[in-house]
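Residue numbers (the working numbering): 860 to 1079.
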């Protein structure tokens, strides 16, 4: 219990003293329709993924008040192999580790069960359905796990967010941070009653619409 309390304090300090100044002073964030972000859980935020900074940008705009219930989904095969990285990812970033390398299901368990448990406990889940960081500022195909989560939790809002700029500030494979302004576009919740295919079509269309709000000169 004491260790959990200490990790909570360290997490709050990291986001208050490191992430917030980084996002405000070094990078800067322009967010459109922040009122559509969930005030409390349970909720699922679905975003495109171009950089490790995506997680920090989203957690930052949600604020320290909501930090204790915010949990980003991340790949266990990347974050859980190194002891130091594992400690930082689970205790400070607060990830929900999902194993992408195992397709088999254990008896009575589903690969998305850890996410469902967080949702059922009132958490705000950050989900990146592209599955991995793509090329800077390029939308890749979304995986359908988000549609299954929406079906399993039909009363939980699924909120799309399009991120732009972070893929240039810290692209995949580049350790050097480059100051680059971040644009964030928040959309209305998706209709969870749709079929799997219709839900995915709706998600892809909504993301395209949000991306279309960005002026063309920002893409160059």
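Cβ atoms here follow ideal geometry from the backbone N, Cα and C, with glycine treated the same way. Source: prediction; values computed, not measured.
| Asked | Found |
| --- | --- |
| Below 6 Å CB to CB, which residues in the same chain sit around residue 953 once its five sequence neighbours on both sides are set aside? | 930 |
| Which whole runs of the beta strand (DSSP E) in the region 934–964 are 3 residues long or more, in chain order? | 955–957 |
| Cβ-heavy atom distance between residue 1065 and the ligand NAD below 7 Å? | Among the components of this structure there are no ligands whatsoever, and the ligand NAD is therefore not found. |
| Among 925, 1040, 1004, 1016, which has the Cα closest to the Cα of residue 1056? | 1004 |
| Please report how far the alpha carbon of residue 939 lies from the alpha carbon of residue 956, in whole angstroms. | 8 Å |
| What's the C-alpha gap between residue 1039 and residue 886? | 5 Å |
| By DSSP's criteria, residue 889 is part of a beta bridge. Which residues make up the other side? | 1042 |
| Tell me where the alpha helix (DSSP H) around residue 861 begins and ends. | 861–873 |
| For residue 1074, name the three-state secondary structure that DSSP assigns. | coil |
| Tell me the rounded alpha-carbon separation between residue 1072 and residue 1020. | 12 Å |
| Check residue 920 in the structure and name its three-state DSSP category. | helix |
| Between the region 913–928 and the region 883–898, do three or more beta carbon pairs fall short of 8 Å? | yes |
| In this structure, does DSSP put residue 1008 in helix, strand or coil? | helix |
| Please classify residue 987: does DSSP put it in a helix, a strand, or coil? | coil |
| With distances taken from CA atoms, which of 1051, 1007, 1027 is nearest residue 1018? | 1051 |
| So which of 907, 894, 1010, 872 has the shortest CA-CA distance to residue 1063? | 907 |
| Does residue 930 come out as helix, strand or coil in the three-state DSSP assignment? | strand |
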